[in-house]
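Asker: One structure is given below, represented as structure tokens, and several questions about it will come after.
In my numbering, the protein residues as written are 153 to 682.
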């Protein structure tokens with residue numbers, strides 16, 4: 153069996169055998185140790201996606217593929233080459249309102265299906281995702297740039313959310329309340345909220361689309377989703393597979409194009425009863441303010457600025473491996489990527505040397521090239537942001553141990569970077585980096601580390617590396633983050649709640665708690681029952 157076919161076997165069979173967490177570890181091991189990639193050129197990948205019928209460029213409204221009403225389109229680029237991949241329908245307010253109307257019309261019939269009936273259709277959808285993981289993974293790499301092995305992983309991440317919620321919803325129970333009078337019966341019912349407007353980001357275009365719509369649809373809600381204009385093709389392929397699975401027209405709708413117009417349509421319509429969003433804190437605040445007009449339920453997964461707290465007693469090998477996996481996944485372009493690497497002074501120099509050695513093994517390149525572990529940043533704006541943060545840090549005394557500049561490949565490729573002597577007053581300490589840069593800052597005591605970690609408006613994810621069990625409990629309870637990993641970087645799972653404290657958002661995605669944002673609680677009191 154070739155290394156390429158080994159990877160496909162792992163991706164095909166590994167989830168059910170090993171679970172999501174261990175599967176990612178296995179795929180990472182193969183990628184790092186055998187440099188597994190299936191080398192191909194982008195045009196061959198596009199052709200394969202088109203042969204599978206998954207290369208869609210129109211919006212989906214009421215079960216029909218539609219162009220923008222005015223015929224306008226926008227270009228989607230391959231960030232690794234700068235080439236145009238597709239011209240996609242550029243939709244706006246009118247199309248969004250029609251999609252909302254379609255979802256509203258479909259809600260009654262979809263919500264009245266039993267959970268078993270909805271789950272059966274969603275299981276077909278899941279099976280199609282797994283059957284087309286190769287084409288979907290390639291499509292992700294084409295429009296987002298990540299190595300194709302990570303593209304395959306992302307298909308499983310998204311599919312795991314779908315599979316989890318189509319089963320979890322079967323255990324979403326109401327309550328019986330002890331009666332307050334002899335002839336009274338009191339109940340609690342859980343009912344779907346209605347039409348959901350979902351807005352998803354570009355960094356995990358397939359997985360985030362499925363993470364948003366899976367709990368909503370499982371509960372009985374219908375959805376209108378707006379993917380990022382930078383990466384709409386993966387989400388459109390997911391929509392095509394929903395149709396093939398038999399999801400009824402109007403249950404799953406997709407529009408993209410003029411983001412402000414579509415967002416305003418979501419906010420203004422009384423038919424949209426919930427908004428779920430992943431993106432920047434600034435945009436999230438605007439959506440929260442707009443949602444207040446019609447008092448919608450909101451689920452917000454916003455920005456992060458994750459600290460990694462590395463104590464003197466940390467296992468050096470475990471720490472370096474943990475950081476490398478979570479930091480350089482997707483070129484550092486994730487909301488839980490460690491930004492502030494807080495290192496106790498006793499282990500600092502030894503850790504910095506080991507980390508630099510590991511970073512130097514990363515290979516930057518096009519996602520379809522064999523052996524590549526780091527792709528490009530998403531666009532020029534992202535590149536300029538990284539450059540500005542590194543330049544500011546260096547100008548204030550930070551030192552570059554490796555990287556620190558654009559890669560020789562040009563375009564938006566940036567060298568994996570390690571900085572030391574970073575301080576809290578540098579921009580890189582207070583800004584979500586969203587790129588392949590590790591910024592190391594020294595600390596002396598546990599109390600100082602906790603203070604530095606909590607010195608942020610963000611509170612999504614934090615990481616602790618220590619062999620001291622008492623310390624791991626103390627610090628985990630003291631830091632203000634919704635997700636905490638101890639001696640582990642691969643902490644997300646469909647069965648675990650994902651969300652943050654402070655300005656990192658509201659609500660939780662994943663786990664049984666991920667259903668709550670799409671359900672209304674109804675108190676039912678029956679009198680004169682005796």
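All residues carry an ideal CB built from backbone N, CA and C; glycine is no exception.
When you compare the region 338-353 with the region 314-329, are there three or more beta-carbon pairs, one atom per stretch, that lie closer than 8 Å?
Answerer: Yes, they touch.
Asker: Would you report the Cα separation of residue 271 and residue 676, rounded to the nearest angstrom?
Answerer: Near 26 Å, if we compare the C-alpha coordinates of residue 676 and residue 271.
Asker: Alpha helix (DSSP H) containing residue 249: first to last residue?
Answerer: Note, residue 249: alpha helix (DSSP H), 245-264.
Asker: Which complete beta strand (DSSP E) runs does the region 340-398 hold, if anything under 3 residues is left out?
Answerer: List check, beta strand (DSSP E) in window: 347-351, 374-378.
Asker: Going by the CB atoms, is the gap between residue 457 and residue 355 shorter than 8 Å?
Answerer: No. Outside cutoff.
Asker: Give me the residue from 402, 383, 600 with the minimum Cα distance to residue 216.
Answerer: Minimum Cα distance to residue 216 is reached at 402.
Asker: Find the nearest neighbour of residue 649 within the set 367, 198, 286, judged by alpha-carbon distance.
Answerer: Residue 367 is the option with its Cα nearest to residue 649.
Asker: For residue 509, does the count of other Cβ atoms within 10 angstroms reach 16, so buried, or fall short, so exposed?
Answerer: That one is exposed.
Asker: Would DSSP call residue 584 helix, strand or coil?
Answerer: Three-state result, residue 584: coil.
Asker: Have a look at residue 472 and residue 506 and give me their C-alpha separation to the nearest angstrom.
Answerer: Cα to Cα, residue 472 sits roughly 7 Å from residue 506.
Asker: Relative to the C-alpha of residue 201, which residue among 465, 390, 571 is closest?
Answerer: Considering only alpha carbons, the answer is 390.
Asker: At what residues does the alpha helix (DSSP H) containing residue 241 begin and finish?
Answerer: Residue 241 -> not in any alpha helix (DSSP H); beta strand (DSSP E) instead, spanning 236-241.
Asker: Locate the beta strand (DSSP E) running through residue 211, then write down its first and last residues.
Answerer: 211-213 is the extent of the beta strand (DSSP E) around residue 211.
Asker: Report the rounded CA-to-CA distance for residue 592 versus residue 396, giving the unit in angstroms.
Answerer: Answer to the nearest angstrom: the Cα atoms are 49 Å apart.
Asker: Over what stretch of residues does the beta strand (DSSP E) that includes residue 327 continue unbroken?
Answerer: That run of the beta strand (DSSP E) goes 327-329.
Asker: Counting Cβ pairs closer than 8 Å, one from the region 312-320 and one from the region 217-227, do we hit at least three?
Answerer: No contact exists between the region 312-320 and the region 217-227.
Asker: Per DSSP, which one or two residues make a beta bridge with residue 650?
Answerer: Note: residue 650 sits in a beta bridge opposite 661.
Asker: Measure the alpha-carbon distance for residue 228 versus residue 385 and round it to whole angstroms.
Answerer: Distance between the alpha carbons of residue 228 and residue 385: 8 Å.
Asker: Taking one C-beta from the region 238-258 and one from the region 366-382 each time, how about it: are there three or more such pairs within less than 8 Å?
Answerer: The region 238-258 vs the region 366-382: in contact.
Asker: Could you tell me whether the region 577-592 touches the region 487-507, where touching means 3 or more Cβ pairs closer than 8 Å?
Answerer: With the cut-off at 8 Å, the region 577-592 and the region 487-507 touch.
Asker: Pop quiz: residue 369 and residue 274 are said to be a contact at Cβ under 8 Å. What is the actual Cβ separation, rounded to whole angstroms?
Answerer: That belief holds up - the Cβ atoms of residue 369 and residue 274 are roughly 7 Å apart, short of 8 Å.
Asker: Please classify residue 452: does DSSP put it in a helix, a strand, or coil?
Answerer: Note: residue 452 maps to strand in three-state DSSP.
Asker: Given a cut-off of 8 Å on the beta-carbon distance, is the pair residue 334 and residue 682 in contact?
Answerer: Yes.
Asker: Under the assumption that residue 573 contacts residue 611 (Cβ atoms under 8 Å), give the Cβ distance between them as a whole number of angstroms.
Answerer: That pair is no contact at about 26 Å.
Asker: Closest to residue 537 by C-alpha separation, out of 527, 524, 526, 558, would be which residue?
Answerer: For the residues 527, 524, 526, 558, the minimum Cα distance to residue 537 belongs to 558.
Asker: Using three-state DSSP, classify residue 528 as helix, strand or coil.
Answerer: In this structure, residue 528 counts as coil in the three-state DSSP scheme.
Asker: Could you spell out where the beta strand (DSSP E) holding residue 681 opens and where it closes?
Answerer: Per DSSP, residue 681 belongs to no beta strand (DSSP E) and is neither H nor E.
Asker: Count the other CB atoms, across all protein chains shown, that sit within 10 Å of the CB of residue 195; report buried if there are 16 or more and exposed otherwise.
Answerer: It is exposed - the Cβ of residue 195 has fewer than 16 other Cβ atoms within 10 Å.
Asker: Assuming the contact rule is C-beta atoms closer than 8 Å, residue 262 and residue 394 should be a hit. Round their C-beta distance to whole Å, please.
Answerer: In fact, because the Cβ distance is near 12 Å, the residues do not count as touching under 8 Å.
Asker: Mind checking whether residue 494 and residue 462 have CB atoms under 8 Å apart?
Answerer: A contact, by the Cβ cut-off of 8 Å.
Asker: Could you pull out every unbroken alpha helix (DSSP H) segment of at least 4 residues lying fully inside the region 458-518, listed in chain order?
Answerer: Runs of the alpha helix (DSSP H) inside the region 458-518: 468-480, 500-511.
Asker: Alpha carbon to alpha carbon, what distance is there between residue 302 and residue 209?
Answerer: Computed Cα separation, rounded: 23 Å.
Asker: Out of 459, 388, 643, state which residue places its alpha-carbon closest to the alpha-carbon of residue 606.
Answerer: It is 459 whose Cα lies nearest to the Cα of residue 606.
Asker: At what residues does the alpha helix (DSSP H) containing residue 274 begin and finish?
Answerer: Run containing residue 274: 267-283, per the alpha helix (DSSP H) assignment.
Asker: Note down, in chain order, each residue of its chain lying with its Cβ closer than 6 Å to the Cβ of residue 359, except the 5 sequence neighbours on either side.
Answerer: Same-chain partners within the cutoff: 306, 309, 310.
Asker: Exposed or buried, residue 547, counting other C-beta atoms within 10 Å across all chains shown (16 or more means buried)?
Answerer: When all chains shown are included, residue 547 counts as exposed.
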